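Enquirer: Sharing a structure here in structure tokens format.
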Amino acid sequence: MDGDIQSYVVVLNDEEQYSIWPAGRDLPAGWRGAGVHGSQADCLAHIGEVWTDMRPLSLRRTVDQAAPATHQ
0 MDGDIQSYVV VLNDEEQYSI WPAGRDLPAG WRGAGVHGSQ ADCLAHIGEV
50 WTDMRPLSLR RTVDQAAPAT HQ
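The following block contains the structure:
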């Protein structure tokens with residue numbers, strides 16, 4: 000990343016994959032802000048806390064639908 004950048008925003012896409020983006024720049028197509036901004040370290044720490052399942056959303060849904068229902 001650019002060493003001159005001081006502030007970042009956390010972004011995510013429709014597959015619920017996270018990244019960081021320089022604050023003040025237009026977000027790339029397909030990405031939206033997650034409401035968190037700060038230093039690179041702060042943003043990456045937040046992502047580490049919230050992005051606990053690295054599988055894309057579409058894969059998680061497919062696996063969940065294929066899993067047999069359990070009855071108690």
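The sequence shown begins at 0 in numbering that gives the first Met the number 0 and counts up by one. Heads up, the beta-carbon is just placed ideally off N, CA and C, and yes, glycines get one too. As the structure is a prediction and not an experimental result, all values here were calculated from the model.
Pick helix, strand or coil for residue 66, following the three-state DSSP scheme.
Expert: Correct three-state label for residue 66: coil.
Enquirer: Do you know offhand how far residue 39's Cα is from residue 15's?
Expert: Each residue's Cα considered, the two are about 19 Å apart.
Enquirer: In chain order, what residues of the same chain have a beta carbon less than 8 Å from the beta carbon of residue 13, not counting five sequence neighbours either side?
Expert: Around residue 13: 29, 56.
Enquirer: Measure the C-alpha to C-alpha separation of residue 60 and residue 47 and round it to an integer number of angstroms.
Expert: Cα-Cα distance, rounded: 22 Å.
Enquirer: Bridge partners of residue 57, per DSSP?
Expert: Beta-bridge pairing links residue 57 to no other residue.
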